[in-house]
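Be aware that the sequence shown starts at 8, since it is given in our numbering, and climbs by one per residue.
Built from N, CA and C at the ideal position, the CB exists for glycine as well.
What follows is one structure encoded as C-alpha coordinates, with my remarks underneath.
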Amino acid sequence: MHEVGITPRRFAPQEFRDLTKLGIGFTDVSKIGSGMDHEIAAGDFDAAGLRARLAKAKPQAIAFTSKRAASFYLGKPTGKIAYGRQPDVEGEPVTFVLTSPSGAATRYWSLDPWRELADWFRRAG
(Lines of atoms letter the chains of each structure in order from A and count residues from 1; the text may use other names and numbers.)
(Lines give C-alpha, C1' and ligand atoms only; values in the text may rest on other atoms or scores of the structure.)
Protein backbone atom coordinates (compact mmCIF):
# COMPACT_ATOMS: atom_id res chain seq x y z
CA MET A 1 0.00 0.00 0.00
CA HIS A 2 2.90 2.30 0.70
CA GLU A 3 4.58 1.63 -2.64
CA VAL A 4 1.57 2.92 -4.57
CA GLY A 5 0.92 5.84 -2.20
CA ILE A 6 -2.12 4.66 -0.26
CA THR A 7 -0.24 4.92 3.03
CA PRO A 8 2.44 7.47 3.99
CA ARG A 9 4.79 4.74 5.25
CA ARG A 10 5.12 0.99 5.49
CA PHE A 11 3.06 -0.49 8.30
CA ALA A 12 4.15 -3.69 10.04
CA PRO A 13 1.52 -6.45 10.06
CA GLN A 14 0.88 -5.95 13.78
CA GLU A 15 0.08 -2.27 13.08
CA PHE A 16 -2.92 -3.06 10.87
CA ARG A 17 -5.33 -1.49 13.37
CA ASP A 18 -3.48 1.83 12.99
CA LEU A 19 -4.62 1.97 9.37
CA THR A 20 -8.13 2.88 10.55
CA LYS A 21 -6.73 6.35 11.29
CA LEU A 22 -6.20 6.64 7.53
CA GLY A 23 -9.71 5.44 6.77
CA ILE A 24 -8.58 1.91 5.90
CA GLY A 25 -10.18 -1.14 7.48
CA PHE A 26 -9.90 -4.88 6.98
CA THR A 27 -12.29 -7.81 7.11
CA ASP A 28 -12.72 -11.22 5.52
CA VAL A 29 -15.41 -12.77 3.37
CA SER A 30 -14.73 -16.03 5.22
CA LYS A 31 -14.60 -15.73 8.98
CA ILE A 32 -14.43 -19.49 9.61
CA GLY A 33 -12.28 -20.87 6.78
CA SER A 34 -8.57 -20.26 6.52
CA GLY A 35 -5.73 -21.01 4.18
CA MET A 36 -5.24 -20.44 0.51
CA ASP A 37 -8.37 -19.65 -1.50
CA HIS A 38 -8.64 -23.13 -3.00
CA GLU A 39 -8.49 -24.64 0.50
CA ILE A 40 -11.53 -22.72 1.78
CA ALA A 41 -14.87 -24.43 1.26
CA ALA A 42 -17.38 -22.48 -0.80
CA GLY A 43 -19.84 -22.64 2.11
CA ASP A 44 -17.35 -20.85 4.34
CA PHE A 45 -17.57 -17.67 2.26
CA ASP A 46 -20.22 -15.39 3.77
CA ALA A 47 -21.11 -12.67 1.29
CA ALA A 48 -24.27 -11.80 3.26
CA GLY A 49 -22.21 -11.33 6.43
CA LEU A 50 -19.78 -9.11 4.54
CA ARG A 51 -22.67 -7.04 3.15
CA ALA A 52 -24.03 -6.63 6.70
CA ARG A 53 -20.63 -5.43 7.95
CA LEU A 54 -20.36 -3.05 5.00
CA ALA A 55 -23.86 -1.68 5.65
CA LYS A 56 -22.79 -0.90 9.20
CA ALA A 57 -19.37 0.58 8.32
CA LYS A 58 -20.54 2.41 5.17
CA PRO A 59 -17.15 2.50 3.43
CA GLN A 60 -16.74 4.56 0.28
CA ALA A 61 -14.81 1.72 -1.33
CA ILE A 62 -13.84 -1.89 -0.81
CA ALA A 63 -10.99 -3.88 -2.29
CA PHE A 64 -10.48 -7.62 -2.54
CA THR A 65 -7.06 -9.24 -2.79
CA SER A 66 -8.68 -12.49 -3.83
CA LYS A 67 -10.68 -13.04 -7.00
CA ARG A 68 -12.41 -15.98 -5.35
CA ALA A 69 -13.58 -13.91 -2.39
CA ALA A 70 -14.65 -11.14 -4.78
CA SER A 71 -16.62 -13.68 -6.82
CA PHE A 72 -18.83 -14.51 -3.84
CA TYR A 73 -19.48 -10.82 -3.16
CA LEU A 74 -20.02 -9.91 -6.82
CA GLY A 75 -22.01 -13.04 -7.61
CA LYS A 76 -20.02 -14.02 -10.68
CA PRO A 77 -17.29 -16.53 -11.51
CA THR A 78 -13.65 -15.53 -11.15
CA GLY A 79 -13.11 -15.84 -14.91
CA LYS A 80 -15.61 -13.02 -15.45
CA ILE A 81 -13.83 -10.66 -13.02
CA ALA A 82 -11.08 -8.35 -14.25
CA TYR A 83 -8.52 -6.84 -11.93
CA GLY A 84 -9.11 -3.19 -11.08
CA ARG A 85 -12.23 -1.15 -10.48
CA GLN A 86 -15.45 -3.03 -10.98
CA PRO A 87 -18.56 -1.56 -12.62
CA ASP A 88 -20.34 0.71 -10.16
CA VAL A 89 -23.53 -0.57 -8.54
CA GLU A 90 -25.92 1.99 -7.07
CA GLY A 91 -25.98 1.85 -3.29
CA GLU A 92 -22.78 -0.22 -3.12
CA PRO A 93 -19.27 0.96 -2.28
CA VAL A 94 -16.85 1.45 -5.15
CA THR A 95 -15.31 -1.99 -5.59
CA PHE A 96 -11.80 -2.98 -6.64
CA VAL A 97 -10.28 -6.40 -7.22
CA LEU A 98 -6.54 -6.32 -6.65
CA THR A 99 -3.83 -8.80 -7.43
CA SER A 100 -2.97 -10.89 -4.40
CA PRO A 101 0.16 -9.96 -2.45
CA SER A 102 0.58 -13.65 -1.57
CA GLY A 103 3.80 -15.25 -2.72
CA ALA A 104 1.67 -18.11 -4.06
CA ALA A 105 0.12 -15.73 -6.60
CA THR A 106 3.26 -14.13 -8.04
CA ARG A 107 2.46 -15.10 -11.63
CA TYR A 108 -0.62 -12.84 -11.47
CA TRP A 109 1.11 -9.97 -9.66
CA SER A 110 0.74 -6.46 -11.04
CA LEU A 111 0.84 -3.09 -9.33
CA ASP A 112 -1.59 -1.65 -11.89
CA PRO A 113 -4.85 -2.44 -10.02
CA TRP A 114 -3.21 -1.23 -6.79
CA ARG A 115 -2.26 2.04 -8.52
CA GLU A 116 -5.83 2.40 -9.76
CA LEU A 117 -7.06 2.05 -6.16
CA ALA A 118 -4.42 4.52 -4.95
CA ASP A 119 -5.47 7.08 -7.58
CA TRP A 120 -9.10 6.70 -6.51
CA PHE A 121 -8.10 6.93 -2.82
CA ARG A 122 -6.22 10.20 -3.39
CA ARG A 123 -9.10 11.72 -5.39
CA ALA A 124 -11.68 10.63 -2.79
CA GLY A 125 -9.38 11.95 -0.03
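Name the residue from the options whose alpha carbon lies nearest to the alpha carbon of residue i.
i	options	result
L81	S109, T34 and A54	A54
G98	Y90, R122, S117 and I69	I69
K28	T14, P20 and K38	T14
V143	D119, R17, A19 and G132	Not covered by the structure: residue 143. The range shown for the chain is 8 to 132.
F71	W127, Q93 and A59	Q93
Among residues of its own chain, excluding the 5 on either side of residue i, which ones have a beta-carbon nearer than 7 Å to its beta-carbon?
i	result
F79	V36, F52 and A54
F23	F33
R122	V11
State yes or no: is the C-beta of residue i nearer than 7 Å to some heavy atom of the ligand NAD?
i	result
A70	This structure does not include the ligand NAD; it has no bound ligands of any sort.
How would you write the range of the alpha helix (DSSP H) that residue i sits in, first residue to last?
i	result
F79	K74 to L81
A111	From DSSP, A111 is part of no alpha helix (DSSP H); its letter is neither H nor E.
L61	A54 to A64
A131	D119 to A131
Could you give the residue range of the beta strand (DSSP E) that holds residue i?
i	result
A70	A68 to F71
F103	V101 to V104
Give every residue of the same chain whose Cβ lies closer than 8 Å to the Cβ of residue i, excluding the five residues on either side of it in the sequence, and list them in chain order.
i	result
R129	G12
W127	A68, R92, V101 and F103
A112	T106
R58	Y80
H9	P15, R16, R17 and F18
D25	F18
By Cβ distance, which residues of its chain are closer than 6 Å to residue i, with the 5 residues on each side in sequence left out?
i	result
Y115	T106
Using 8 Å as the threshold, is the segment 82-91 in touch with the segment 55-69, meaning 3 or more CB pairs across them?
Two segments are said to touch when three or more pairs of C-beta atoms, one from each, lie closer than 8 Å; by this definition the segment 82-91 does not touch the segment 55-69.
Segments of 4+ residues assigned as alpha helix (DSSP H) that fall wholly inside the segment 8-45:
Within the segment 8-45, no complete alpha helix (DSSP H) run reaches 4 residues.
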